[in-house]
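Presented below is the structure to which this report refers.
Number of protein chains: 2
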Amino acid sequence: MRKLVLSRVRDLVVNRRSDKRIIISCSCCRLAASSSTLLSRFLSSVSDPAAMPAPSEFTTAVTLDNINPKVLKCEYAVRGEIVSIAQRLQQELKMSPGAHPFDEILYCNIGNPQSLGQQPITFFREVLALCDHPAILDSPEAPSLFSSDSIQRAWQILDQIPGRATGAYSHSQGVKGLRDTIAAGIEARDGFPADPDDIFLTDGASPGVHMMMQLLVRSEQDGILCPIPQYPLYSASIALHGGTLVPYYLNESTGWGLEVSELKRQLDASRAKGITVRALVVINPGNPTGQVLAEDNQRDIVKFCKEEGLVLLADEVYQENVYVPEKEFHSFKKVARSLGYGDKDIALVSYQSVSKGYYGECGKRGGYMEVTGFAAEVKDQIYKLASVNLCSNIAGQILASLVMNPPKVGDESYESYSAEKDGILKSLARRAQMLEAAFNSLQGVTCNRAEGAMYLFPRIELPQKAIKAAEAANKAPDAFYCIRLLQATGIVFVPGSGFGQAPGTWHFRSTILPQEELIPAIIERLTEFHQSFMAEFSD
Amino acid sequence: MRKLVLSRVRDLVVNRRSDKRIIISCSCCRLAASSSTLLSRFLSSVSDPAAMPAPSEFTTAVTLDNINPKVLKCEYAVRGEIVSIAQRLQQELKMSPGAHPFDEILYCNIGNPQSLGQQPITFFREVLALCDHPAILDSPEAPSLFSSDSIQRAWQILDQIPGRATGAYSHSQGVKGLRDTIAAGIEARDGFPADPDDIFLTDGASPGVHMMMQLLVRSEQDGILCPIPQYPLYSASIALHGGTLVPYYLNESTGWGLEVSELKRQLDASRAKGITVRALVVINPGNPTGQVLAEDNQRDIVKFCKEEGLVLLADEVYQENVYVPEKEFHSFKKVARSLGYGDKDIALVSYQSVSKGYYGECGKRGGYMEVTGFAAEVKDQIYKLASVNLCSNIAGQILASLVMNPPKVGDESYESYSAEKDGILKSLARRAQMLEAAFNSLQGVTCNRAEGAMYLFPRIELPQKAIKAAEAANKAPDAFYCIRLLQATGIVFVPGSGFGQAPGTWHFRSTILPQEELIPAIIERLTEFHQSFMAEFSD
């Protein structure tokens with residue numbers, strides 16, 4: 001299928017001057033979005049000749065025909081077509097206010113809390129500022145500008161960095177002292193030992209995911225089990241490394257349940273096709289689906305990985321984002337160790353990031369992966385991969401250590417820190433509930449509970465007329481809906497087709513991040529749009 | 001050859017319990033280092049069973065046999081075996097001081113100025129601290145702690161960031177306002193226009209290099225022309241992306257001259273073998289070789305790329321590091337535009353980093369690439385690659401803008417800034433000269449001038465007896481020399497074989513970064529070691 005699309009795309013490039021239009025319809029649900037997005041980009045290039053000079057105009061002739069086809073294949077919906085349209089609308093609003101029926105673009109496409117007004121945790125920023133410019137520490141003004149524990153913590157961190165040089169490359173896994181702190185934080189969280197030598201600090205979680213894909217994927221005969229719907233970093237990374245995404249479907253009717261029987265079915269089916277399945281990706285709490293796994297479910301998943309010899313890639317970046325009292329986050333490492341499984345039993349990589357949680361420090365690009373259960377010589381290879389980029393940024397490293405070791409009772413900052421943290425998490429829970437209720441009130445829309453993470457992934461039953469109109473516009477039906485929503489309201493949701501979904505179903509993902517006081521107005525705009533959309537396309 | 005090594009390595013793993021020793025000698029100079037390093041790692045694993053558990057002990061069975069062979073092939077000498085040995089020695093010194101004939105390890109393996117005591121530029125750190133914790137800006141203490149222009153600059157930068165949110169993901173190419181500043185800095189440097197939409201801010205220069213390799217390399221039939229000696233990021237990245245490194249040799253006898261006739265010869269030879277050469281890497285000022293290209297030489301290189309349809313990947317991260325009055329840095333973009341070549345004539349990527357220059361802010365992981373001469377739809381693909389990792393860290397982005405727009409005459413910080421900058425650059429020039437003279441005074445060692453960058457790459461004529469001893473120890477001769485030097489003095493140089501060198505020649509790379517007052521003692525230790533080494537192995 002992919003090859004077919006690429007060759008047709010090539011035809012399209014060759015034939016573009018004759019203005020031939022080839023409509024590709026594709027029965028493969030998982031790829032529908034990427035192919036159609038790719039195609040729509042081409043079609044928009046075709047209709048705007050300035051955007052696509054003929055290859056011959058460029059001496060170097062680097063063209064879509066001769067770049068790495070894995071790059072072409074890779075798609076990343078959360079910053080894809082819908083965001084390009086939003087950016088264009090924003091530009092138009094800037095140039096001529098009043099050009100659209102809304103004043104601003106509301107970016108609900110990505111978990112980027114501070115872009116929507118969330119304030120950073122004061123203690124974290126105090127420590128970062130002091131580490132950036134340690135000269136302040138010696139000044140008599142410092143105690144009136146900074147809390148005593150931030151000053152103390154900055155000294156402690158600087159003392160962990162050789163030469164106190166926050167401007168030096170660190171060990172490629174990250175500053176040893178900071179890894180010690182993180183390992184202690186993991187131990188405190190799980191009640192099981194953690195080894196600082198297993199920690200690899202990274203610029204956000206993404207580079208760690210790429211590193212493991214690079215290690216494990218040899219060819220398209222290597223498969224990685226990924227949830228559908230999934231966060232498109234995984235499909236993008238697998239595509240870039242030339243592997244095969246082996247989908248397992250989350251069960252929407254049981255609140256996006258992860259069923260081991262489904263894992264087994266998909267694993268066996270892939271193996272029958274000659275695919276060597278190397279790893280299982282689990283995102284918990286779920287992205288884009290927002291569910292929090294139950295501990296006994298996690299135990300079954302761990303046992304499954306052990307039995308089948310799969311590396312468990314545990315995306316645990318939303319570990320602080322749980323909003324319902326009956327659910328609790330358990331790390332997969334804790335679950336594995338509780339079962340008595342040690343390093344020899346299961347290879348497990350746990351991802352954490354400073355971008356999520358209550359801190360939401362996306363721009364700092366801090367994170368880590370804890371890599372356990374790999375033979376020493378394989379871990380050497382992971383180290384080598386880390387070393388090729390020298391190290392992750394030191395401020396991100398420091399922040400990762402702060403997140404895993406925040407102020408404690410008795411520290412000067414503790415009260416204000418706790419108030420900031422609780423304020424954010426409680427507000428997120430309320431926002432999730434408000435949006436969930438609003439989605440469920442829309443005709444043809446059903447939405448599971450947001451137990452955790454930062455997203456809702458409602459399902460939408462679209463009228464046949466809307467599906468046909470989408471087809472005519474060469475869009476996936478949910479992309480068609482999201483683009484119309486954006487054009488009418490300025491709200492940016494990401495079409496479900498960017499995450500994958502069961503064939504014949506349509507969804508969109510919304511973050512729960514707009515500021516609380518704005519949510520009633522957002523719901524009003526959304527409801528109004530939805531009603532008029534459904535009226536326009538009613539069968 | 002590579003396949004042969006891998007299969008032999010496999011034999012080695014299989015046969016390790018029977019303790020068979022297979023010595024691999026390899027006539028392929030460029031790969032000698034990587035193969036022998038690989039092998040030596042295996043041999044050391046074999047002799048230390050604890051370091052290498054049998055694969056069967058691990059359920060998951062991720063082994064060197066079944067990971068991505070491109071990862072195995074990739075080597076990164078500047079953080080390779082020599083650094084591992086250094087770290088072990090450092091640990092031993094910590095556990096038992098006096099265990100070795102030196103008190104500390106002197107890391108001259110990597111251009112990491114602040115790890116060796118270089119102080120950061122005050123103005124840059126002031127701005128970073130203020131952007132990290134903008135609450136300080138409003139405090140009455142701010143003017144006594146920060147220069148007025150750092151306060152002004154911080155406000156200006158915060159106003160360029162939507163919502164003043166330094167903790168938010170930015171546009172995937174970087175904050176637009178910061179790209180505007182960088183483009184203006186490039187214009188001021190070159191006298192030719194620069195477009196902020198051509199700037200991609202990156203976490204140091206390395207991710208930008210990987211991105212272009214990912215874009216251009218489809219298979220091992222795609223080649224990238226790289227200097228030999230080269231900075232091993234290039235060989236590592238090409239290996240990881242599955243391409244072929246097409247070497248061109250710098251002419252040591254003309255001060256590491258880059259000859260277009262050699263480029264042409266290697267290009268033609270590769271094409272005759274069916275390789276599609278896609279790009280030419282030029283590192284100017286040179287790493288590890290320290291030469292600064294003359295402008296007419298650059299013109300010839302640009303013409304060559306235009307004629308041959310090659311993308312020019314210009315590593316210009318040492319653009320501020322020029323130490324001789326008769327040489328000056330010219331960007332390749334300026335040279336191309338001076339020739340009248342525009343976007344349609346040459347595809348050119350220029351890399352810059354905050355890690356080098358007089359700032360040396362390696363730990364901040366800031367940098368950018370300026371991407372010109374690519375068709376719009378190809379640039380969209382580069383943008384997509386950038387978007388998969390969301391964005392580079394904002395502090396690094398801010399620092400990149402500061403580096404391209406430092407304090408100007410009249411600003412409060414200007415004088416102290418200039419004094420700090422000049423102090424560092426003049427000291428680097430003196431250190432380069434001192435070390436160059438010292439290397440040239442050693443028996444059998446010749447060293448070209450350090451015109452720029454942060455390195456010297458002396459050539460060493462090793463006695464036959466030393467070469468034989470190295471062979472017996474299964475090391476490249478220059479690696480043997482460097483390990484012995486490290487063990488005797490604590491000084492870490494990187495063997496030339498990690499960078500590539502003309503067959504039958506041996507070198508090592510040293511940074512010029514140790515603090516000036518330490519250099520006489522370093523030279524003394526080095527000289528003493530060298531004399532005793534040469535005496536031990538004299539023929």
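Protein chains in written order, with full-length UniProt numbering: chain A, 1 to 539; chain B, 1 to 539.
The C-beta atom is built at its ideal place from N, Cα and C for all residues, glycine as well.
Contact note: H100 (chain A) does not reach chain B at a C-beta cutoff of 7 Å; the least C-beta distance is about 18 Å. A check of alpha carbon separations from F537 (chain B) across B:L526, B:I467 and B:I483 identifies B:I467 as the nearest.
7 Å or more divides the Cβ of Y455 (chain B) from the Cβ of N297 (chain B).
Beta-bridge partners of F508 (chain A) (DSSP): A:P495.
Listed along chain B are R125, L128, A129, D132 and A395, each with a C-beta nearer than 8 Å to that of D132 (chain A).
In this structure, the alpha-carbon of I519 (chain B) lies about 12 Å from that of T511 (chain B). Annotation for E451 (chain A): no beta strand (DSSP E) segment contains it, and DSSP assigns it neither H nor E. For P120 (chain B), the C-beta contacts it makes with chain A under 7 Å involve G167, in order along the chain. Within chain A, no C-beta atom comes nearer than 7 Å to that of A205 (chain B); the closest sits roughly 10 Å away. Straight-line measurement puts the Cα of F200 (chain B) at about 11 Å from the Cα of A183 (chain B). Remark: C-beta atoms of C131 (chain A) and I522 (chain A) do not approach each other more closely than 7 Å. G363 (chain A) and S170 (chain B) do touch by the CB rule: their CB atoms are close to 6 Å apart, below 8 Å. Against chain A, the beta carbon of P162 (chain B) has neighbours under 9 Å at S115, listed in chain order.
Under a 10 Å Cβ-count criterion, D315 (chain A) is classified as buried, with 16 or more other Cβ atoms of the shown protein chains found around its own Cβ.
Given a length threshold of 4 residues, each whole run of the alpha helix (DSSP H) inside the segment 312-348 of chain A is given here in chain order: 332-338.
Shown here for Q381 (chain A): same chain residues with a beta carbon closer than 7 Å to its own, the five before and five after excluded, namely L215 in chain order. Of all residues in the segment 357-376 of chain A, only G360, E361, C362, G363, K364, R365, G373, F374, A375 and A376 come within less than 7 Å of chain B when Cβ atoms are compared, listed by chain position. In the structure shown, F124 (chain B) adopts helical secondary structure according to DSSP, grouped into three states. Contact note: L216 (chain A) reaches chain B through V62, I67 and N68, using a C-beta cutoff of 8 Å and chain order.
The three-state reading of DSSP puts I228 (chain B) in strand, counting E and B together. Contact note: Q381 (chain A) reaches chain B through L64, I67, V71 and L72, using a C-beta cutoff of 8 Å and chain order.
Per DSSP, P247 (chain A) is one residue of the beta strand (DSSP E) stretching across T244 to Y249.
For L526 (chain B), the enclosing alpha helix (DSSP H) starts and ends at I519 to E536.
Per DSSP, V371 (chain A) is one residue of the beta strand (DSSP E) stretching across G367 to T372.
By the 16-neighbour rule on beta-carbons within 10 angstroms, V388 (chain B) is buried.
With its beta carbon at least 7 Å from every one in chain B, L158 (chain A) lies outside the interface. Fully enclosed alpha helix (DSSP H) runs of no fewer than 4 residues occupy 122-132 of the segment 88-133 of chain B, in order along the chain. Residue burial annotation: T181 (chain A) is buried, with at least 16 other C-beta atoms found within 10 angstroms of its C-beta. Per the Cβ contact rule, the segment 316-323 of chain A is in contact with the segment 423-434 of chain A (3 or more Cβ pairs under 8 Å). For A236 (chain A), the chain B residues whose Cβ falls inside 7 Å of its Cβ are V388, in order along the chain. Secondary structure remark: continuous alpha helix (DSSP H) runs of at least 4 residues inside the segment 346-433 of chain B, in chain order: 376-388 and 394-403. Between the alpha carbons of Y417 (chain A) and G177 (chain A) lies a gap of roughly 23 Å.
Taking the Cα positions, F192 (chain A) is about 10 Å away from A336 (chain A).
In the three-state reduction of the DSSP assignment, A165 (chain A) falls in the coil class, being assigned neither a helical nor a strand state. Excluding sequence positions up to five before and after I491 (chain B), its CB lies within less than 7 Å of the CB of L106, C108, L485, I522, R525 and L526, all in the same chain and listed in chain order.
If you draw a straight line from the Cα of F102 (chain A) to the Cα of A479 (chain A), it is about 20 Å long.
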